[in-house]
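A.B. asks:
In the working numbering, the protein residues as written are 1 to 411.
1. Do residue 284 and residue 261 come within 9 Å of each other at the CB atom, strictly closer than that value?
2. Distance, Cα to Cα, residue 63 vs residue 82?
3. Does DSSP put residue 413 in a helix, a strand or coil?
4. At 3 residues or longer, and completely inside the segment 67-125: list those beta strand (DSSP E) runs for me, N to C.
5. Nearest by alpha-carbon distance to residue 374: which of 364, 383, 380, 382 is it?
6. Go through its chain and collect everything with a Cβ distance to residue 437's Cβ below 6 Å, but skip five positions before and after it.
7. In three-state DSSP terms, what is residue 60?
8. Which residues mark the beginning and the end of the alpha helix (DSSP H) in which residue 428 is found?
9. Between the beta-carbon of residue 414 and the beta-carbon of residue 92, is there less than 9 Å?
10. Taking residue 331 as the reference, which of 325, 240, 343 has the closest Cα?
11. Name the residue from 120, 133, 33, 208 whose alpha carbon lies nearest to the alpha carbon of residue 150.
12. Any heavy atom of the ligand NAD inside 8 Å of the beta-carbon of residue 39?
13. Express the C-alpha separation of residue 95 and residue 388 in angstroms, rounding to a whole number.
14. Throw me the rounded Cβ distance for the residue 219 and residue 171 pair, which I believe falls under 8 Å.
15. Which of the three DSSP states, helix, strand or coil, is assigned to residue 239?
16. Please list the terminal residues of the continuous beta strand (DSSP E) segment that includes residue 30.
17. Enumerate in chain order the residues of its own chain whose CB-to-CB distance from residue 210 is below 7 Å, with the five nearest sequence positions on each side excluded.
18. Going by the DSSP bridge assignment, what does residue 226 pair with across the sheet?
19. Can you confirm whether the segment 231-250 touches the segment 186-203 when touching is taken to mean that 3 or more C-beta pairs between the two stretches lie within less than 8 Å?
20. Which residues does DSSP list as the beta-bridge partners of residue 55?
So, in structure tokens, the structure goes:
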């Protein structure tokens, strides 16, 4: 009898301890790690991605958090360098023991962080990078949020060049980073094979370059119908301005990285006629109610914001952070990392404003498909009268091709 009584007391104590542990766990902050370049020529990407996420986290926590728990984010500068990314990944995973990672980096870094997250079985939400090599890791632990895969960007750009611009001869200028090089090569291949477009020259430059005269003079000699430009907006703005100074009047077409108010400031009137692709729903200054509200909140939280902010990266990670929080909420108060993955996979046409009282809807609705790509939509805009205007008479198709083809994601 005494033995049974003793066992009963021990069982009761164990049950009570488990309840206390569960309650303590439910009250703990949810720690997520963030990486992005916060110094160097791509710092506007990392800082923008960080600040957009922080604004969303403030709103989420103000509304009571996720199942009663607050979100806390620690941020690291990856310098846009794969070697730095590996060290940052290991610090977040092994030392900080983050529950999940939010990416605000460039493509070559996102690949490294994705591989480390897969090995450690930590959920990784890529908010900004577009390299197909990230999703080609084929991991259940990796998701792509508001950003869009290069393969979807290139498919739309190829169709636009061939069917809307009806270009016959184009020159190409691209930066040598992972994103720009991959996108340029994909577009070149596509326009040649599908529309027979003649690519007169492909000129390259390095991120951070300031003088593009040699590349532009080589372009000018080939007399193209259009110049296709691939790279970040800072270099693009300088290249476009220098092109006009050299007497090049050929229209330029840029990529998704260039729709930024900073480009308009640096390039000035030289930007008139520039065509770009854009992924979020609205650009800065749009009078849509949600965008007006977002910019007001952003300026209140970051009163000393620079001229190129908020930009599309701030918008990306504002919306992507809400998607990550929605997955956490659906995973329940006792969520596990695997449970978070499974919950994120249920998001279909997710709009933050439908689920969160403080959220505004400024990114494309997110639906994680079998390859974990959350968004495959974009639009085209052209600079007119000093601002980006939507090209209303071209509606890009939403790609349906599965990337990677016939792949099964692995735990």
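Yeah, the Cβ is synthetic: ideal placement off N, Cα and C, and Gly gets one too.
The model shown is predicted, which means the values in this text are computed figures rather than measured ones.
C.D. replies: Result, derived from the coordinates:
1. yes
2. 37 Å
3. The chain is shown only over 1 to 411; residue 413 falls outside these bounds and no answer can be derived.
4. 71-77, 100-103
5. 364
6. In this structure the chain extends from 1 to 411, so residue 437 is not present and cannot be described.
7. helix
8. Examination of residue 428 is not possible in this model, given that the chain is present from 1 through 411 alone.
9. Residue 414 lies beyond the stretch modelled for the chain, which goes from 1 to 411, so this question has no answer here.
10. 343
11. 133
12. The ligand NAD is absent from the structure shown, which contains no ligands of any kind.
13. 44 Å
14. 4 Å
15. helix
16. 30-36
17. 238
18. 170
19. no
20. None, per the DSSP bridge assignment.
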